[in-house]
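Numbering (this note's numbering), first residue to last: 33 to 148.
Yeah, the Cβ is synthetic: ideal placement off N, Cα and C, and Gly gets one too.
Everything numeric in this text was worked out from a predicted model, so none of it was measured.
These notes are about the structure you will find just below.
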């Protein structure tokens with residue numbers, strides 16, 4: 033059976049105080065109930081990335097492409113482009129955690145860990 037491919041733009045959003053934005057995945061489906069880095073389907077130009085961030089309440093100071101990675105599940109391949117975003121402040125939409133909390137209390141699925 034051929035795996036389906038899903039393209040994703042994934043954000044490491046860092047606030048001025050060095051905290052990282054994460055969010056909880058839906059309770060059903062792939063990686064249900066786990067935490068993730070904010071992401072959207074598809075690949076986008078920088079202008080579109082800015083619009084997405086602003087819709088989330090994030091005011092980006094800069095958006096830097098960091099890497100591309102692939103994560104293979106049994107039925108789907110995620111092809112991910114990662115962006116590091118420096119944000120002016122924090123928004124209520126996300127949970128903001130320190131790097132230590134991310135490691136100890138909110139471990140991310142491997143698919144997202146490889147993008148940090």
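Going by the CB atoms, is the gap between residue 59 and residue 68 shorter than 8 Å? No, they are not a contact pair.
Alpha carbon to alpha carbon, how far is residue 138 from residue 146? Approximately 15 Å between the Cα atoms of the pair.
Per-residue burial, residue 99 [other beta carbons within 10 Å of its own, 16 or more giving buried]: If you draw a 10 Å sphere on the C-beta of residue 99, you find fewer than 16 other C-beta atoms in it, and that means exposed.
In whole angstroms, what is the alpha-carbon distance linking residue 140 and residue 102? Residue 140 and residue 102: Cα-Cα distance of roughly 16 Å.
How many whole angstroms separate the CB atoms of residue 105 and residue 42, which I take to be in contact at a CB cut-off of 8 Å? Actually they are not in contact, since the Cβ atoms of residue 105 and residue 42 sit about 15 Å apart, beyond 8 Å.
Below 8 Å on the Cβ atoms is my guess for residue 94 versus residue 118; work out the distance and round it to an integer in Å. Your pair residue 94 and residue 118 checks out as a contact, with CB atoms roughly 5 Å apart and the cut at 8 Å.
Applying the criterion that 16 or more other CB atoms from any shown protein chain within 10 Å of the CB defines a buried residue, is residue 90 buried or exposed? Residue 90 comes out buried.
So, using beta-carbon positions, are residue 128 and residue 51 closer together than 8 Å? Yes. Within cutoff.
Excluding the 5 residues preceding and the 5 following residue 96 in the sequence, name in chain order all residues of the same chain whose CB lies nearer than 6 Å to its CB. These residues qualify, in order along the chain: 116.
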